[in-house]
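Undergrad: Throughout the sequence shown, residue numbering follows the working numbering, covering 49 to 499 in sequence. Backbone N, C-alpha and C define an ideal beta-carbon position, used for all residues, glycine too. Pasting in a structure now, in structure tokens, and then I'll have a few things to ask.
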Amino acid sequence: MKLKIIKKIRLELKLALISAFSKIIIFFILLILLQQIIESQALRHADRDLLKMKDKTMSIVAKIGIKSFLNSEKDSSYASYNMLKDEYISIDLNPEKNAGLTIFSNEARVIENNEFNYRIIQYAFKSDGQYYLLEIGKNMQLIKALNRTLENVSVTIILLLLTITIIFDIGIYKYLLFPLNRKIIPKLKTITNPETYVYSELDSSTSDFVYLNNALNDLMHKVTTILKNQQRFTANVSHELFTPITIMQNKLENLLSSENLSEPMIEKVIDQQNHLNHLQQIIKALLLIARIENDQFVKTDNVKLMEVIDEIIENIEDRAEMKNITIENCIIPDAYVSNVNKSLLYILLFNLISNAIKYNHNGGWIKIISYKEDNQHYIEVKDNGIGIDSSHIHTIFDRFKRIDPLVGEGHGLGLSIVNAIVRFHNGSIEVESVKGIGSTFKVGIPLIFVN
Ligand code: ADP
49 MKLKIIKKIR
59 LELKLALISA
69 FSKIIIFFIL
79 LILLQQIIES
89 QALRHADRDL
99 LKMKDKTMSI
109 VAKIGIKSFL
119 NSEKDSSYAS
129 YNMLKDEYIS
139 IDLNPEKNAG
149 LTIFSNEARV
159 IENNEFNYRI
169 IQYAFKSDGQ
179 YYLLEIGKNM
189 QLIKALNRTL
199 ENVSVTIILL
209 LLTITIIFDI
219 GIYKYLLFPL
229 NRKIIPKLKT
239 ITNPETYVYS
249 ELDSSTSDFV
259 YLNNALNDLM
269 HKVTTILKNQ
279 QRFTANVSHE
289 LFTPITIMQN
299 KLENLLSSEN
309 LSEPMIEKVI
319 DQQNHLNHLQ
329 QIIKALLLIA
339 RIENDQFVKT
349 DNVKLMEVID
359 EIIENIEDRA
369 EMKNITIENC
379 IIPDAYVSNV
389 NKSLLYILLF
399 NLISNAIKYN
409 HNGGWIKIIS
419 YKEDNQHYIE
429 VKDNGIGIDS
439 SHIHTIFDRF
449 KRIDPLVGEG
459 HGLGLSIVNA
469 IVRFHNGSIE
479 VESVKGIGST
489 FKVGIPLIFV
499 N
């Protein structure tokens with residue numbers, strides 16, 4: 049089984065995440081580079097200090113003579129360090145007997161039985177005919193502490209800059225994507241019917257969004273024209289067919305009433321009558337859909353739902369009884385639907401309840417309930433019938449769609465009519481069904497409750 053792990057996220061968030069991610073990578077590269085730069089700069093700084101100290105010492109030696117440095121006449125060395133052993137100076141005889149050489153190194157020195165790491169400058173010189181070696185050391189701990197301070201300051205500055213630029217980016221993306229998020233997407237979300245689509249112009253300096261909006265407007269215009277033509281065509285064809293079929297049916301009825309008709313002839317005529325009936329029902333259904341889609345009904349009725357359901361149950365009871373099916377009317381007694389067409393609402397609910405009988409087992413049940421949810425009101429027709437396989441659910445509202453032609457009688461137009469009526473009332477319809485368990489058709493239509 050393929051796992052779907054990539055969640056859909058908004059473009060705005062995606063861009064912000066990509067920008068944050070790339071900046072964090074840059075931040076880490078900068079951090080590594082900075083560490084190296086700071087380390088080498090701190091060392092250079094220390095070397096410069098050591099050189100200055102060496103020059104100062106040498107100028108003192110030149111001024112007051114090497115003798116005044118040495119501990120005594122016999123002792124030809126000198127050593128001095130401060131209390132924390134951060135720095136030390138020593139002068140000793142130079143066994144190499146050379147002069148004028150300056151060397152920098154990192155070495156350990158033992159002072160008062162403690163070992164310390166130092167950055168050291170060594171300078172060989174000659175004074176009073178003797179060769180000496182001047183050594184000045186700076187504790188590495190001191191240099192590293194400076195390193196750390198510099199590193200902390202630069203990391204804080206980079207982090208601050210990183211946060212500011214990420215916040216700035218999010219703001220910019222929000223501003224740039226405003227036409228898409230606030231104008232185009234809300235428009236797309238409200239498309240339930242091409243006829244109610246709002247053909248507004250988009251006022252944006254981003255040409256891509258203007259192009260998208262215009263393309264959307266053009267597309268909706270084309271879809272509406274095609275739909276209208278299709279509706280007109282269906283209405284015209286159905287209308288043209290309806291009259292001759294009615295005439296043919298009348299003729300067949302006249303034929304049946306004639307006395308000199310043989311038994312086989314009567315059978316043939318009845319067979320033809322059945323075919324014509326079938327055709328007539330299809331044409332009636334198509335005509336009804338075409339009339340609903342062409343807005344040939346008014347929506348001015350205020351209907352008490354309970355009464356409509358009671359009326360349907362009364363008219364359909366015989367069919368339910370034949371299959372021993374119980375129908376429960378659980379509609380809230382004071383539930384009213386206003387601004388609807390009563391006949392269409394009757395057909396809508398009749399078709400759903402009729403299907404619930406048709407696709408039910410002997411001894412099954414049907415429940416019709418109403419309730420309020422998220423400021424919307426719903427009517428549900430529930431049954432414990434044969435149910436619908438999940439792979440077929442999205443096709444049941446298509447015209448002439450019958451999942452199993454051998455189960456129940458019909459033309460596959462009942463739910464197309466239901467759908468047309470729901471759309472006509474700007475409502476919604478959802479189906480929940482489990483094969484072998486039952487189905488629930490949930491219709492959302494504005495309701496007014498009178499308490
Ligand atoms: P039909 O004339 O075949 O009843 P519909 O458009 O009313 O046409 O329904 C389309 C198909 O949806 C049906 O053929 C049936 O397979 C399925 N269907 C509709 N309602 C139910 C239901 N309550 N339970 C199970 N299947 C249903």
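Rounded to the nearest angstrom, what separates Asp446 and Thr488 at their Cα positions?
TA: Between Asp446 and Thr488, the C-alpha separation is close to 18 Å.
Undergrad: Pull every residue with its beta-carbon under 7 Å away from any heavy atom of the ligand COA, and keep them in chain order.
TA: With respect to small molecules bound, the structure shown includes the ligand ADP and not the ligand COA.
Undergrad: Between which two residues does the beta strand (DSSP E) carrying Leu59 extend?
TA: Per DSSP, Leu59 belongs to no beta strand (DSSP E); it is in the alpha helix (DSSP H), 59-112.
Undergrad: Below 8 Å CB to CB, which residues in the same chain sit around Tyr394 once its five sequence neighbours on both sides are set aside?
TA: Same-chain partners within the cutoff: Val356, Glu359, Ile360.
Undergrad: Kindly provide the ranges of any alpha helix (DSSP H) runs that are 4 or more residues long and lie completely inside the segment 225-259, ordered along the chain.
TA: The qualifying runs are 233-237.
Undergrad: So what does DSSP say about Lys482, is it helix, strand or coil?
TA: Correcting the residue identity first, residue 482 is Val in this sequence and not Lys. Correct three-state label for Val482: strand.
Undergrad: Nearest-angstrom Cα distance between Lys347 and Asn467?
TA: Looking at the two C-alpha atoms, the distance is approximately 16 Å.
Undergrad: State the DSSP-derived secondary structure class of His147, mapped to helix, strand or coil.
TA: Note that residue 147 is Ala in the sequence shown, not His. Correct three-state label for Ala147: coil.
Undergrad: Quick check on the burial criterion: 16 or more other C-beta atoms within 10 angstroms. Buried or exposed for Phe497?
TA: For Phe497, the predicted model reports a pLDDT of 41, less than 50, meaning its position is unreliable and no value from the coordinates is stated.
Undergrad: Taking the beta carbon of Leu334 as the centre, do at least 16 other beta carbons fall within 10 Å, making it buried, or is it exposed?
TA: Leu334 comes out buried.
Undergrad: Quick one: Cα of Ser128 to Cα of Leu118, how far?
TA: Each residue's Cα considered, the two are about 11 Å apart.
Undergrad: Please go through the same chain and pick out, in chain order, the residues whose beta-carbon is closer than 8 Å to the beta-carbon of Leu194, but skip the five residues on each side of it.
TA: Cβ within range, chain order: Ala90, His93.
Undergrad: Could you have a look at His425 and say whether DSSP puts it in helix, strand or coil?
TA: In the structure shown, His425 sits in a strand (DSSP, three-state: E or B).
Undergrad: Taking C-beta to C-beta, are Gly185 and Tyr166 nearer than 9 Å?
TA: It is a contact, given that the beta carbons lie within the stated cut-off.
Undergrad: I'd like the ranges of any beta strand (DSSP E) spanning at least 3 consecutive residues and lying wholly in the segment 135-180.
TA: With a minimum length of 3 residues, the continuous beta strand (DSSP E) runs that stay inside the segment 135-180 are 135-141, 150-159, 162-175.
Undergrad: Alpha carbon to alpha carbon, how far is Ala482 from Ile364?
TA: According to the sequence provided, residue 482 is Val. The question's Ala does not apply to it. If I take the Cα positions, the gap works out to 25 Å.
Undergrad: Between which two residues does the beta strand (DSSP E) carrying Lys115 extend?
TA: Careful: Lys115 lies outside any beta strand (DSSP E) and carries neither H nor E.
Undergrad: In whole angstroms, what is the alpha-carbon distance linking Ile169 and Ile215?
TA: Those two C-alpha atoms are separated by around 49 Å.
Undergrad: Starting from Ser402, trace the alpha helix (DSSP H) both ways and give me its first and last residue.
TA: 390-406 is the extent of the alpha helix (DSSP H) around Ser402.
Undergrad: Taking only three categories from DSSP, how would you classify Val470?
TA: In this structure, Val470 counts as helix in the three-state DSSP scheme.
Undergrad: Evaluate Phe281 with the Cβ neighbour count: other Cβ atoms within 10 Å of its Cβ, from every protein chain shown; 16 or more gives buried, anything less gives exposed.
TA: Looking at its Cβ environment, which holds fewer than 16 other Cβ atoms inside 10 Å, Phe281 is exposed.
Undergrad: Which partner residues does Leu182 have in the DSSP bridge list?
TA: Answer is Ile139, Tyr171, bridged to Leu182.
Undergrad: Let's see if you can read the secondary structure: which residues bound the beta strand (DSSP E) around Asp437?
TA: Premise fails: Asp437 is in no beta strand (DSSP E) and is neither H nor E.
Undergrad: Have a look at Leu141, Gly113, Lys133 and flag the residue whose alpha-carbon is nearest the alpha-carbon of Ser125.
TA: Cα-wise, what sits closest to Ser125 is Leu141.
Undergrad: Would you list the residues sitting across from Thr374 in a DSSP beta bridge?
TA: Its beta-bridge partners are Trp413.
Undergrad: Count the other CB atoms within 10 Å of the CB of Ile469; is the residue buried (16 or more) or exposed (fewer)?
TA: Label assigned to Ile469: buried.
Undergrad: So, using beta-carbon positions, are Ile417 and Val479 closer together than 9 Å?
TA: Cβ distance not < 9 Å, so Ile417 and Val479 don't count as in contact.
Undergrad: For Tyr180, which option in Lys192, Gly113, Asn322, Leu207 has the closest C-alpha, if you only look at C-alpha atoms?
TA: Answer by Cα proximity: Gly113.
Undergrad: Count the other CB atoms, across all protein chains shown, that sit within 10 Å of the CB of Ser286; report buried if there are 16 or more and exposed otherwise.
TA: The residue in question, Ser286, is buried, as its Cβ has 16 or more Cβ neighbours within 10 Å.
Undergrad: Which same chain residues, not among the five before or five after Gly148, have their C-beta less than 8 Å away from its C-beta?
TA: Excluding residues within five positions, the ones whose Cβ falls inside 8 Å are Ala172, Phe173.
Undergrad: Can you look up Ser418 in the DSSP assignment and give me helix, strand or coil?
TA: Three-state result, Ser418: strand.
Undergrad: Closest by CA to Ala68, which one among Val271, Leu132, Tyr221, Gln189?
TA: Nearest of Val271, Leu132, Tyr221, Gln189 to Ala68, Cα basis: Tyr221.
Undergrad: Judging by CA-CA distance, which residue of Ile57, Arg471, Tyr419, Leu99 is the nearest neighbour of Asn389?
TA: Of Ile57, Arg471, Tyr419, Leu99, the residue nearest in Cα terms is Arg471.
Undergrad: How should His473 be labelled, buried or exposed, when 16 other C-beta atoms within 10 angstroms of its C-beta is the threshold for buried?
TA: So His473 counts as buried.
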